[in-house]
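S.K.: Below you'll find the structure I mean.
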Ligand SMILES: Cc1ncc(C[n+]2csc(CCOP(=O)(O)OP(=O)(O)O)c2C)c(N)n1
Ligand SMILES: Cc1ncc(C[n+]2csc(CCOP(=O)(O)OP(=O)(O)O)c2C)c(N)n1
Ligand code: SF4
Ligand code: SF4
Ligand SMILES: [Mg+2]
Ligand SMILES: [Mg+2]
């Protein structure tokens, strides 16, 4: 069964520029909002992913971040709070040839939408989910979100929040995600690389973007992104390379098999050499090391990792679905009259 | 504010017997259902947990497993499909002195109820959640569940399921759970120990029980529980002990720091001694090793662990909530007339 | 055949309809017995209707009252409208089954009992203080046949090598054999059916055949049973099969896929009694059906809306609690104006209620249960086979008018069955689906997703179509460009336009045909699954010379154009419903001045013809 | 004070009501200006009502049409019922604000404009082709005052050391100063208010005071403004404060905690325009309020039901989309018969709709939007201050009748404000909550959770009570023991009993008082937030000698006992609503024969008095 009545003779991919992905509607985020930098990178990256504009769909829920599709010149659905992955899943399963992105916020994806989030990760549906994590509900003007810090004071928690936050990559990995990455709004180039990697991944892809909300949660990430500390507080995971950080790149991560724990070491001190360091490999089938790195952001004294935690190729839900459909068609043919008639019919003259 | 009008003079804890926890309604599960063994262990364990019968509440959703509260002689709520943790959370936050159990199925907890599940784990609310995992929807007569195996044929997936299953302890750990354990319906004593440990844990506790549904998914666990293979297919995690398994207890788990991976070794072979083995410690603050062990069930060739994956004490959501309430009362006093009057009033004579 | 060789001369009485109920323990195979006898009746050319009555969802202890499973069949030589009120024949396999069902048996009806099952233990499990078979009033009120089915089955299978458990499983064929004899059904046919059924377990073919023949022989030789013949009915010529409403619904959607050449997408989550629609459609992959078992009902409808945006013919199936969960999503489908069919197989409520029992109490929720002004068409199937046509019709309306449509069925229709005249695929009405392919504004230079045609329908432009990229969403949209608009007057216009569009659907709602005179003393107005009972009651009343007519509402929103005029033609209007009066309220609100009388039963069962007839006679 | 020293003699006109609207960019501080002037009017003894009009949720670019923020205040010496239809005075801080609001200004009204903001860039952002201030029709239709507020503010702050951005933030006090002078408000009071407001940033106290005084002086010296006095109104003696509906709702619940001595539990999820209830209650911990921000709306109500089972006085707050999500849970609350209040602050729908605009379109969902037969009481607050009383009343009914109750308010009530006469806690009616403590059956040897009292209410037995252990749940329950029951007759009985219990609530629903004669030509029937507009329209019409009366429905289910009789007394009934006619439909269904006329606006705004008056005159 075909879903379209269009002549889908394969035409060559146009050469796109960034502006081909701008809808012409001016984004209405607050001045200085990190969302601007995200849309900028998305629009910059899309020309290079090799998919026709009309075959790309942006699906979002509700939130500041979820206004995203209106500003893109693709097909788009601005849906209901938390539910974007549900729409995206139906769309992708029924039209596997489309490239489907979910643009979502921390509340949208992880509060009301937590279930759809973990299920889209579990299913390994080829949907790219970009979560703008400002650790606050922006659109509703400043309540605690599931990524807000414990004891955080917000409008809905005037004496502080009694809730522990999720570590989103950890949750995604726990749900079985095959691609998990983290980046930061102020790191344009890094974000671009993550978006490209996600676009290239076949299967569910999750990118957490640390995003500043200057109005309701200003400076949520300055303790990481401040020029003065950035090198010490952020560690960049690069494929095949040892995990090093620090101004001079001399600090590194080593796994101590005796304590079964991670430790921070300094190259050149106590006989530590680069060979002792953990080498980043996001393609390990077993996610344990990805878990360990993802969990690190919450560990006192450890740097926050950005980059790709995990990137493993497995058959996707929609691939397997359509394989079964094709198989069944081959086996059974699909004669509707036979289906209507069934096995036990009788005739009245 | 007090919630009760009862004289709550502390009375001594009665000496309970198993039958004190039986409601007198005969369970209506199918003959041979694993649920019988679970209720049996719960009723056996409760007399020893030191909580008065009237202070224990069982909350459930919908499913075969969720009929549980009707058969217990405690307060009970049989609620809506997937939502038990939501009710339990409100009950526990408002009445922290109660012991609250959630009894749930794999579909109830992880399909429709996935969001409430991860949030109760995240919050570290002191709720004990026991999930009867029969890898099938029992009550609705046999559809694929989020823990059913990939390619599983069920009534709703006659050509096989295109969905990967959750690994429930992994998901719970990813959500931040402080207590995670696994046990099996046919291992009564082990289950009793897990229930007791969960009852003793202050904070959210998750127990996955592998449960056989003889009617719709018979033998889901026989490849583990068959007498012939049990010793080789199951590894028992015991606190402070090396992780060994196998008929003669000679197989063990070793972590290879070079490959950063787990391997199965045999004590006495290739110079392996017990000292080389991983020693089980569920109280590690960092959950990496718990993740690794939880993930093992899905790794070909590795045994399936049962026991406590993680057991870490942290302040609970309801503790912190009531601390804030008491603090605020102390600071502000709570004169309602003042609240009503506010700062900017005027008087008309 | 030996059974024929020993045939005795029995007087064969001709009857025109018979209602039989088979009841026993869940493990007694009553659903199978019922289905097999149904097939035989169908093949004999009878019209028929069936209704299974499953026990509550979890299997109960053997012999308990909760574990009783029943199957009722009404067949005859005239048009059969319902599975029958009270059975003429009750076949009861154990005391619990007898206890739950005897009160329903017609006075003077026939009771066939497996007397072996009336052990002290079973009597106790059923809560009987003494053996009801020894109760003289039973024998007075009914024609009782005590048959030692267990022993007779065992005798038939002596030496077969089957275990006693396996032997027990054959017992139902003994009962079936008796009934075959009683209703003059051809034995050979059932023997073949048994061979086919156990094709994969050939060791059971012969034993079951043996038991069946033994039952037949028993009927013949025991000289205690009457023998009947029910002549074939005059159904419209054609080829028929027996379908349940749920299966017919699935079939209707699959047919849509074929007629349109498009993908039909079902996003669903299992729930009693709607689950079979998912089961069946999942097994129709080769016909262009894609099913997706979502993580919950919200994702079920969400995935369907996503698929609809992608151009699929999307639907979702559920029952009351699931419909409740889909409420917010339906609002989104209304405002985005995407085609979608929501099937609600109603069950007893509120809340989890009585999941295995039928009810019609989701009506007002279907019509009004969304926040904001969010009207949508509501259609209700009237019989199991009509579910086929209703599913197609609902999808047609959804696509033609770019709107979500609710299709109401219920547990009674979904699980009940009746003969379905198999349509010829090639003769089915065309169903073309066209997507927008070009720009539609300013001489083809722009695309306006909310530019409506004269019927107020907006275009369906789907991803993959170059140049028509646009965004849909739940915020109010500008009435032309589809951009987000907070303009109050635009909102008012959009609210009114959406409402008018749904009112316009009336052009596709056929006028009602009045069954009976177009004026009279009383008009029965029914909707949904009560069609059969109410029509049958009307027939009874008309036969008694009462000035009673009947109209049945398949379309609930919009209501048929001529309903208002019809209502005026009657002194009284009576609305029978399996709820507390929801349609009656709706009609009052819709037709000021009309104040229907109500007849409401809310006991989990379809309305009984005789109860309704009684009510009408009372109020006439 | 110098401003007084230079006082010139101005004729002061006395007026009895004035409507002022302050409009500007989101960053212009209009909400503050409005609130400050409101306080001054309240302290002057005027009755008043206010309504803010926020821009759509996300902050828009400065100077854009989307970024306009407004605050309207109606104050006077007589009873003030609404924030006013059309403003008498419009204070506009930039071109975009002017563009969005000028159409509303009364003909001949006063327009005060910050002319400095009318730069080419700002005009372009507002979409003006030419400067409207130069448009002669503006000067003809309105009394225009162009004030160079930016420059005058800068001048006042020269040498203050503040940055130009900081100076800009003081500008709104200049406007406030002008209005203080115009309406003869005491300067000293505002100076103190400024000191208090900036207590934590003392460096801003003096500059803002300076600018305020400069504005006041400008009013006095510019000789262009008229000066007015609005005498105090004759409000009932007492101490008053200004409250928004959302704050009043929170206050009502907190008061319940105090009156009962029990925990009030709010389980909620943020959603515009209901979020403030959560914010406010979260800050009332010391009064016995526990708030829980759940992961979604379903968990919000779920946690509340869990808390209710535990004995808390539970509530949940939301708006349309959230109400939709709570649908299934409400059914559970109905069948378990646990007390619970669901507050729905209605907004524009369907779907996400217009989140910051008001509407009354959730009415039928509130009444009917659940599957199965699941009636519950529905109450609608009629004004911001009434939200306080309604919250208490809803909780009282919930507890007394063991039922969930829906309390409808709306964006207009929730964000709007009016004076609230502060009650004396000790004089509030008692509110006792009693839990079941002992066994209630068979001489106190058994506990039957569904044993009802004469009003059909079941007992509330909470965990911690020994001997009363029992199970509640969503499956139908035996009418006495509370055990699961699949018995059809028991179900029918329970459905009827639950319905009757809710009908019994009518004993707590006060009879309606007719405003005006009890018979006449036309009866206005309003409900919820339109009370003020409709009452005001009735006053206007009665003053014109029309035989028009008004009843207002706070109770929607059950309806007041005397409504039916009242409706009969009038030739015509007109129902004005901010929806497409939901109450009108409901009344038709409830009172066969009554066919109300409708007046519906669905433009996101409260109904205007003059529009309604016009409609009535048209149909009379
Ligand atoms: C069903 C429903 N519940 C609640 C809301 C209100 N709401 C809109 S966005 C939002 C949270 C936004 O936070 P987040 O997802 O983090 O996005 P951000 O605005 O921070 O980008 C909420 C609670 C809604 N629109 N719908
Ligand atoms: C809202 C809603 N959706 C669906 C159902 C139907 N339903 C009841 S139980 C169940 C799944 C049961 O599976 P599981 O949770 O694994 O429990 P089990 O029966 O296997 O113990 C479903 C789909 C329901 N009762 N309510
Ligand atoms: S509120 Fe925060 S997240 Fe939302 S647009 Fe403004 S700055 Fe961005
Ligand atoms: S269906 Fe399966 S899980 Fe349910 S009671 Fe029967 S055996 Fe147990
Ligand atoms: Mg956010
Ligand atoms: Mg299960």
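Protein chains in written order, with the numbering used here: chain A, 1 to 349; chain B, 1001 to 1349; chain C, 2001 to 2620; chain D, 3001 to 3620. C-beta: ideal position from N, C-alpha, C; glycine also.
Among 3321/D, 3277/D, 3241/D, which one has its Cα closest to the Cα of residue 1348/B?
M.R.: Nearest of 3321/D, 3277/D, 3241/D to residue 1348/B, Cα basis: 3241/D.
S.K.: Just list the alpha helix (DSSP H) runs in the segment 199 to 278 of chain A, keeping only unbroken ones of 4 residues or longer that don't cross its boundaries, in chain order.
M.R.: Complete alpha helix (DSSP H) runs here, min 4: 222 to 225, 227 to 233.
S.K.: Which residue wins for smallest C-alpha separation from residue 1084/B, given the options 1028/B, 1050/B, 1095/B, 1112/B?
M.R.: Checking every option, the nearest Cα to that of residue 1084/B belongs to 1112/B.
S.K.: Cβ of residue 1086/B less than 8 angstroms from any chain A Cβ?
M.R.: Chain A, which has no Cβ nearer than 8 angstroms to the Cβ of residue 1086/B, makes this no.
S.K.: Measuring straight from C-alpha to C-alpha, what distance separates residue 2332/C and residue 1163/B?
M.R.: One C-alpha to the other measures close to 27 angstroms.
S.K.: Between residue 2962/D and chain C, is any beta-carbon pair separated by less than 8 angstroms?
M.R.: Since the first residue shown for chain D is 3001 and the last is 3620, residue 2962/D is missing from the structure and cannot be characterised.
S.K.: When you compare only the Cα positions, how much space is there between residue 3458/D and residue 3444/D?
M.R.: About 16 angstroms.
S.K.: Taking 8 angstroms as the threshold (beta carbon to beta carbon), is residue 2015/C in contact with chain A?
M.R.: Judged by the 8 angstroms Cβ criterion, residue 2015/C is not in contact with chain A.
S.K.: Which residue or residues does DSSP assign as beta-bridge partners of residue 3315/D?
M.R.: 3266/D, 3341/D, per the DSSP bridge assignment.
S.K.: Between residue 3322/D and ligand 1, is there a pair consisting of the residue's CB and a ligand heavy atom that are separated by less than 7 angstroms?
M.R.: Yes, the beta carbon of residue 3322/D sits closer than 7 angstroms to at least one heavy atom of ligand 1.
S.K.: Return the bridge partner residues of residue 3239/D from the DSSP annotation.
M.R.: For residue 3239/D, which the question treats as bridged, DSSP gives the partners 1347/B.
S.K.: So, are the CB atoms of residue 2105/C and residue 2132/C less than 8 angstroms apart?
M.R.: Not in contact: residue 2105/C and residue 2132/C (Cβ atoms no closer than 8 angstroms).
S.K.: From which residue to which residue does the beta strand (DSSP E) around residue 2110/C run?
M.R.: Looking at the DSSP string, the run of the beta strand (DSSP E) that includes residue 2110/C is 2110 to 2114.
S.K.: With H, G and I counted as helix, E and B as strand and the rest as coil, what does DSSP make of residue 3460/D?
M.R.: Residue state, collapsed to three classes: coil.
S.K.: Mapping DSSP to helix, strand and coil, what is residue 2227/C?
M.R.: Reduced to three states, the DSSP call for residue 2227/C is strand.
S.K.: Comparing the CB of residue 1106/B with every heavy atom of ligand 6, is any distance shorter than 7 angstroms?
M.R.: Yes, since a heavy atom of ligand 6 falls inside the 7 angstroms radius drawn around the Cβ of residue 1106/B.
S.K.: Would you say the beta carbon of residue 138/A comes nearer than 7 angstroms to a heavy atom of ligand 1?
M.R.: Within the cutoff, so yes.
S.K.: For the candidate residues 2419/C, 2374/C, 2391/C, 2296/C, whose alpha-carbon lies nearest to that of residue 2342/C?
M.R.: Residue 2342/C has its Cα closest to that of 2391/C, out of 2419/C, 2374/C, 2391/C, 2296/C.
S.K.: Can you tell me where the alpha helix (DSSP H) holding residue 2120/C begins and where it ends?
M.R.: Residues 2120 to 2125.
S.K.: Compute every distance between the C-beta of residue 1033/B and the non-hydrogen atoms of ligand 3, then say whether any falls below 7 angstroms.
M.R.: Residue 1033/B: no, Cβ never under 7 angstroms from ligand 3.
S.K.: Using a Cβ-Cβ cut-off of less than 9 angstroms, list which residues of the segment 3058 to 3083 of chain D approach chain A; keep chain order.
M.R.: The residues in question are 3058, 3059, 3060, 3061, 3062, 3064, 3066, 3067.
S.K.: Hey, would you say the C-beta of residue 2270/C is under 7 angstroms away from at least one heavy atom of ligand 2?
M.R.: Residue 2270/C Cβ: within cutoff of ligand 2.
S.K.: By the criterion of Cβ-Cβ separation under 8 angstroms, what are the contact partners of residue 2242/C in chain A?
M.R.: Near residue 2242/C (Cβ distances below 8 angstroms), the residues of chain A are 344.
S.K.: If you measure from the beta carbon of residue 75/A to each beta carbon in chain C, is any gap under 8 angstroms?
M.R.: Cβ-Cβ to chain C under 8 angstroms: yes for residue 75/A.
S.K.: The segment 95 to 123 of chain A: which residues have C-beta closer than 7 angstroms to a C-beta of chain D, in chain order?
M.R.: Here the close residues are 111, 112, 114.
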